[in-house]
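Note sheet for the following structure.
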Amino acid sequence: MWYVALKRTARVKLAVPDDRRDDLKRTMLTFREVAQRFADRGWERDADGYVITSRTRLQSLAYKQIREDTELHSDLCIGAVNLASESLRSAVERMKAGKRAGKPTFTAPTATYNTNAVSYFTDGDEPGYCTLAAYGGRVRAEFVYPPDEDCPQRQYLNGDEWEPKGATLHYERDGGEYYLHVTVERDEPETELGEAENGTVLGVDLGVENIAVTSTGTFYSGGLFNHRRDEYERIRGSLQQTGTESAHRTIEQMGDRERRWNNDVLHRISKALVQEAITNDCSVIAFEDLTDIRDRMPGAKKFHGWAFRRLYEYVEYKAAEFGIRTKQVDPAYTSQRCSKCGTTLRENRTSQADFCCLKCGYEVHADYNAAKNVATKLLRSGQKSPVGGAANQLTLKSGTLNGSGDFTPASS
């Protein structure tokens with residue numbers, strides 16, 4: 002049997018000692034500077050006029066001088082090379098695809114740590130701590146977990162099932178807090194969707210008005226979610242205009258409350274989605290690809306992009322406990338394609354909420370139609386043969402449908 006490394010990300014808050022915060026911030030800012038220097042060197046191009054995307058080539062050209070100039074920890078320098086190389090490669094791929102792309106610029110206060118630059122220490126029920134390479138020597142930072150005993154951080158970092166690997170350190174300017182995004186891994190038997198004995202797919206469409214809509218016709222409204230967010234923004238703006246120290250403390254406290262409330266909502270939705278998959282005997286939950294989702298979605302903000310990714314992470318780790326996989330599929334045309342007859346026209350989407358197929362006349366809520374199309378994309382990608390029909394099916398509110406279009410009503 003073949004095994005693959007299953008990867009997840011645990012985002013954990015760090016309690017950094019006051020006397021080491023400046024050392025850690027200096028480390029992160031220098032990491033950003035170093036990554037930019039590597040990217041600048043790659044963008045200068047080689048003798049043939051090509052952008053230099055090779056990590057080893059960038060390292061050979063600039064590593065020694067940068068290390069001498071900055072004295073940044075060697076493993077962090079390697080992380081900066083890797084970041085620059087990946088960003089340059091992404092820019093080149095965008096240019097090849099005919100899209101606009103400029104030289105990568107790094108503005109976020111982050112730093113990438115490999116397993117030599119970060120160490121983890123967890124024992125029993127206590128959250129534990131990590132040590133991070135930094136100017137002035139390694140920094141010991143305690144893990145701060147959410148109050149929820151079922152939080153993903155505890156599942157990933159304190160159990161024996163997952164192994165922590167590298168991480169990315171983030172600094173959130175609003176609250177002045179440090180967060181470590183830890184990559185965790187475990188080995189899992191390799192199975193393809195098309196080889197599953199029961200390949201029933203639950204499709205999920207994400208949106209602003211409705212956070213999530215499933216192919217079974219379940220709607221998870223974003224009304225209260227968006228209203229609460231707007232209220233926080235209004236109050237935060239008023240306090241920022243006040244500008245007093247007391248107002249600043251209130252903003253920080255509000256930020257903590259807001260994050261807890263948002264995470265609680267997303268936890269409850271993720272649990273409901275997984276339960277829906279279990280109830281319908283699904284083996285896979287299909288989401289649209291989250292890459293550039295804000296650019297594709299009218300009215301979406303940075304906040305929504307964060308919420309969609311957090312929801313996916315919650316569903317991913319909760320579903321894995323029941324042997325259910327989560328997959329992302331290309332969202333192209335899922336909002337324009339008729340899930341009943343397959344006709345794809347821009348005009349089918351008559352409004353943000355309404356869908357009416359110009360060919361067959363099928364009328365349905367646009368998000369529900371898109372959710373079925375998301376599932377269908379994954380379903381058809383897992384077909385065993387073009388002539389033998391599909392070995393899998395998508396779940397609907399009234400039954401299941403396989404890739405050949407055969408419908409099976411739900412058992413009464």
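So my numbering is basically just the index in the sequence shown, starting at one, shifted up by 1.
Virtual Cβ for every residue (Gly too), placed ideally from N, Cα, C.
Since we're looking at a predicted model, the values are computed, not measured.
Item: Would you call the stretch 271 to 290 and the stretch 304 to 321 in contact, with 3 or more CB pairs under 8 Å?; Value: yes
Item: With a floor of 4 residues, list each alpha helix (DSSP H) that falls wholly inside the stretch 79 to 165, ordered by position along the chain.; Value: 153 to 158
Item: Alpha carbon to alpha carbon, how far is asparagine 263 from histidine 74? Give it in angstroms, no decimals.; Value: 37 Å
Item: In the DSSP output, which residue or residues are listed as bridge partners for valine 214?; Value: Asp206 and Phe220
Item: Compute the beta-carbon to beta-carbon distance between glycine 137 and asparagine 115, rounded to the nearest angstrom, for a pair I have assumed lies under 8 Å.; Value: Not confirmed; about 20 Å, so no contact.
Item: With a threshold of 6 Å on Cβ separation, who are the neighbours of glutamine 329 within its own chain once the five nearest residues in sequence on each side are excluded?; Value: Phe288 and Asp290
Item: Less than 7 Å between the CB of lysine 341 and some heavy atom of the ligand GDP, yes or no?; Value: The ligand GDP is not part of the structure shown, which contains no ligands of any sort.
Item: Among the residues of its own chain, which have a CB less than 8 Å from the CB of serine 86, if the five just before and after it don't count?; Value: Phe39, Gly43, Thr54, Ser55, Arg56 and Leu59
Item: Cutting at 7 Å between CB atoms, please list the residues of its own chain near aspartate 47, excluding the five before and the five after it.; Value: Ile53
Item: With distances taken from CA atoms, which of Leu158, Ala376 and Thr132 is nearest valine 17?; Value: Thr132
Item: Using the Cα positions of alanine 213 and glycine 129, report the straight-line distance between them to the nearest angstrom.; Value: 34 Å
Item: Tyrosine 172 and methionine 29: beta carbons closer than 8 Å?; Value: yes
Item: Look at the alpha carbon of tyrosine 51 and the alpha carbon of arginine 155, and state the distance between them as a whole number of angstroms.; Value: 46 Å
Item: Here's the rule: buried if 16 or more other CB atoms are within 10 angstroms of the residue's CB, otherwise exposed. What is glutamine 337?; Value: buried
Item: Determine contact between the stretch 339 to 347 and the stretch 173 to 184, defined as no fewer than three beta-carbon pairs at a distance below 8 Å.; Value: no
Item: Tell me, to the nearest whole angstrom, how far the beta carbon of tryptophan 163 is from that of glutamate 186; I am working on the premise that it is less than 8 Å.; Value: 7 Å
Item: Hey, out of Thr351, Leu359, Leu312 and Thr219, whose CA is closest to lysine 373's CA?; Value: Thr219
Item: For proline 165, which residues of its own chain have a beta-carbon under 7 Å away from its beta-carbon, when the five flanking residues on both sides are left out?; Value: Tyr121, Leu158, Val183 and Val185
Item: Pull up the CB-CB distance for alanine 36 and leucine 89, whole angstroms please, since I reckon it's below 8 Å.; Value: About 11 Å; that fails the 8 Å criterion.
Item: Ends of the beta strand (DSSP E) at threonine 327?; Value: 326 to 330
Item: Helix or strand or just coil, what does DSSP make of leucine 291?; Value: coil
Item: Would you decide whether serine 91 is buried or exposed? Buried here means 16 or more other CB atoms lie within 10 Å of its CB.; Value: exposed
Item: Under 8 Å by Cβ, that's how I've got valine 205 and threonine 215 pegged, so tell me the actual separation to the nearest angstrom.; Value: 6 Å
Item: Please list the terminal residues of the continuous alpha helix (DSSP H) segment that includes aspartate 70.; Value: 56 to 71
Item: Using only alpha-carbon positions, find the residue among Asp161, Pro153, Leu77 and Lys97 that is nearest to arginine 27.; Value: Leu77
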